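**Q** Position in the sequence shown counted from 1, then plus 626, gives you my numbering.
Glycine is no exception: its CB is placed at the ideal position from the N, C-alpha and C atoms.
Since the structure is predicted, the reported quantities are computational estimates derived from the model, not experimental observations.
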Amino acid sequence: MSIVEPGDLLISHVTLRDGWFDDAVVLVLDVDDGGVLGVVLNRLTDVDLAEVLPQWVDQVSPPGRLYCGGPVSPNGAICLASAIDDDEPPGWRRVFDRVGLLHLDTPVELVAGAYDHIRIFAGYAGWSPGQLESEIARDAWFVARARYDDVFGLDHQGLWRSTLRRQKPEVAVWSTWTADSGSN
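1. Of the choices 709, 693 and 710, whose alpha-carbon is the least far from that of residue 749?
2. Does DSSP put residue 786 in a helix, a strand or coil?
3. Taking the beta strand (DSSP E) that residue 795 falls in, what are its first and last residues?
4. Tell me which same chain residues have a C-beta within less than 7 Å of the C-beta of residue 725, skipping the five on either side of it?
5. With residue 649 as the anchor, note down where its beta strand (DSSP E) starts and where it stops.
6. So, residue 665 versus residue 655, is the Cβ gap smaller than 8 Å?
7. Evaluate residue 757 with the Cβ neighbour count: other Cβ atoms within 10 Å of its Cβ, from every protein chain shown; 16 or more gives buried, anything less gives exposed.
8. Please list, in chain order, all residues of the same chain as residue 640 whose beta carbon is under 7 Å from its beta carbon, the five residues on each side excluded.
9. Quick check on DSSP: helix, strand or coil for residue 760?
10. Per DSSP, residue 750 is paired with what?
11. Counting Cβ pairs, one atom from each stretch, are 3 or more of them under 8 Å apart for the stretch 729-742 and the stretch 756-771?
12. Which value, in whole angstroms, describes the spacing of the CA atoms of residue 636 and residue 699?
13. So the candidates are 710, 651 and 632; which of them puts its Cα closest to the Cα of residue 663?
14. CA-CA distance, residue 795 and residue 679?
15. Using the three-state DSSP reduction, which class does residue 638 fall into: helix, strand or coil?
16. In whole angstroms, what separates the C-alpha of residue 716 from that of residue 702?
17. Using a Cβ-Cβ cutoff of less than 8 Å, which residues in the same chain neighbour residue 668 once the five nearest sequence positions on both sides are dropped?
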């Protein structure tokens, strides 16, 4: 049994400095016997969405960019969408609340008007069985429940601090961390 579930956030600890997950906020999408899969919510790419998925340009939410979901399969794409209705639209699977995974093979004609927000991520973050639990035990990650605005809000640069700030005091204090160790 995993200590995380779909809809949880993994918020990187300041000690996690590997280049990929520095100040990262990861939404957990899937947990099974094969491990854990998620996407980094607070990394935009420089790739113009029109260059790689032109049929989706009119469907995605502001800022209308492709996100960097993680280091695994960077040429693949994962789409998160919030369904307008409680009914599950074609090609969509709930992760938490109204947030779910939308299959990018779904005809765009079926997507138009069925979702409040859509974001597309290049690549994903993945952990083999037991790997994430080991990292959490070493205090590399804080675990918290995701909110809708964590996924579809516009403050990408401030997401790491804002998710930490709303945690219990012993975790929230890390939101004030700066790169200048003399200021901490």
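**A** Concretely, from the data shown:
1. Here the closest residue by C-alpha is 693.
2. Note: residue 786 maps to helix in three-state DSSP.
3. Careful: residue 795 lies outside any beta strand (DSSP E), inside the alpha helix (DSSP H) at 795-798.
4. The residues 706, 708, 774 and 777, in chain order, have a CB closer than 7 Å to that of residue 725 in the same chain once the five nearest residues on each side in sequence are set aside.
5. Following the DSSP letters along the chain, one finds residue 649 in no beta strand (DSSP E), marked with neither H nor E.
6. Yes. Within cutoff.
7. Exposed: under 16 other Cβ atoms inside 10 Å.
8. The answer, listed in chain order, is 800 and 803.
9. Helix, per DSSP.
10. Per DSSP, the beta bridge partners of residue 750 are 698.
11. At 8 Å Cβ cutoff, the stretches do not touch.
12. Taking the straight line joining both Cα atoms gives about 20 Å.
13. Considering only alpha carbons, the answer is 632.
14. CA-to-CA, the gap between residue 795 and residue 679 works out to about 42 Å.
15. Strand, per DSSP.
16. Computed Cα separation, rounded: 21 Å.
17. Only 649, 650, 651, 782, 783, 785 and 786 meet the Cβ criterion.
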